[in-house]
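Peer 1:
Numbering (the working numbering), first residue to last: 73 to 212.
#1: Would you check whether the ligand ZN has a heavy atom nearer than 6 Å to the C-beta of residue 199?
#2: Mapping the DSSP letters down to three states, classify residue 77 as helix, strand or coil.
#3: Contact between the stretch 89–109 and the stretch 123–141 is defined here as three or more beta-carbon pairs at a separation below 8 Å; is this criterion met?
#4: State the Cα-Cα distance for the pair residue 133 and residue 91, rounded to the nearest angstrom.
#5: Taking the alpha helix (DSSP H) that residue 175 falls in, what are its first and last residues?
#6: Using three-state DSSP, classify residue 149 as helix, strand or coil.
#7: Is the stretch 110–130 touching the stretch 73–87 in the sense that three or more CB pairs, one from each, lie closer than 8 Å?
#8: Taking 7 Å as the cut-off, decide whether the C-beta atoms of residue 192 and residue 146 are in contact.
#9: Closer than 7 Å by C-beta to residue 203: which residues in its own chain qualify, once you throw out the five before and the five after it? Chain order, please.
#10: Only counting the same chain, and skipping five residues up and downstream in sequence, which positions put a Cβ closer than 8 Å to that of residue 177?
#11: Between residue 201 and residue 111, what straight-line distance do the alpha-carbon atoms span, to the nearest angstrom?
#12: For residue 173, is the classification buried or exposed, using 16 other Cβ atoms within 10 angstroms of its Cβ as the cut-off for buried?
#13: Starting from residue 102 and walking both ways along the alpha helix (DSSP H), at which residues does that stretch end?
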């Protein structure tokens, strides 16, 4: 993925704002990795002019959740697409299957989490994954 990012003149930055060594969440590591790869891949493909992708790990003490944000500087998502973003087989890519984001959504829901998206046309998109801390085990 780093090679593809370099080819698109995109850098990837990770920020850990949690600062807790004993933080425990129940996840299927491979499934969450799949979600992050998919979100980062989509971000790279949408950043036609290059730029930076920020991945931020944070803790929301008010909801007792870990938040993972994937923030890009891409073209944003049109409102009509945004309304159905996690629908299977919805794609805006010529060779896309439309399964990537629907699979991400299912994986996060199976982890008793949420995935939200904020987008500004021609400014970028933020996907925010929220997973429970010390919560119920994933259904995965």
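Cβ atoms here follow ideal geometry from the backbone N, Cα and C, with glycine treated the same way.
Peer 2: So, to answer that:
#1: Looking for the ligand ZN in the displayed structure turns up nothing, as the structure carries no ligands at all.
#2: For this step, residue 77 is matched to residue 5 along the chain shown. Secondary structure of residue 77 (DSSP, three-state): helix.
#3: yes
#4: Translated into positions along the chain shown, residue 133 becomes position 61. Translated into positions along the chain shown, residue 91 becomes position 19. Going by the C-alpha atoms only, they are around 13 Å apart.
#5: The sequence position of residue 175 within the chain shown is 103, counting from 1. That run of the alpha helix (DSSP H) goes 172–182.
#6: Here residue 149 refers to the residue found at position 77 when the chain shown is read from its first residue. In the structure shown, residue 149 sits in coil (DSSP, three-state: anything other than H, G, I, E or B).
#7: yes
#8: For the purposes of this step, residue 192 is taken as residue 120 along the chain shown, with counting starting at 1. For the purposes of this step, residue 146 is taken as residue 74 along the chain shown, with counting starting at 1. No, the Cβ-Cβ distance between residue 192 and residue 146 is not below 7 Å.
#9: As a position in the chain shown, residue 203 is number 131, starting the count at 1. Cβ contact annotation for residue 203 (same chain, cutoff 7 Å, sequence separation greater than five): 97, 99, 137, 138, 183, 185, in chain order.
#10: Counting from 1 along the chain shown, the entry for residue 177 is found at position 105. Closer than 8 Å at the Cβ level, and outside the excluded window around residue 177, lie 158, 187.
#11: Translated into positions along the chain shown, residue 201 becomes position 129. Translated into positions along the chain shown, residue 111 becomes position 39. Computed Cα separation, rounded: 11 Å.
#12: In the chain shown, the residue the question calls residue 173 occupies position 101. Classification for residue 173: buried.
#13: Counted from its first residue, the chain shown places residue 102 at position 30. Unbroken alpha helix (DSSP H) run through residue 102: 101–118.
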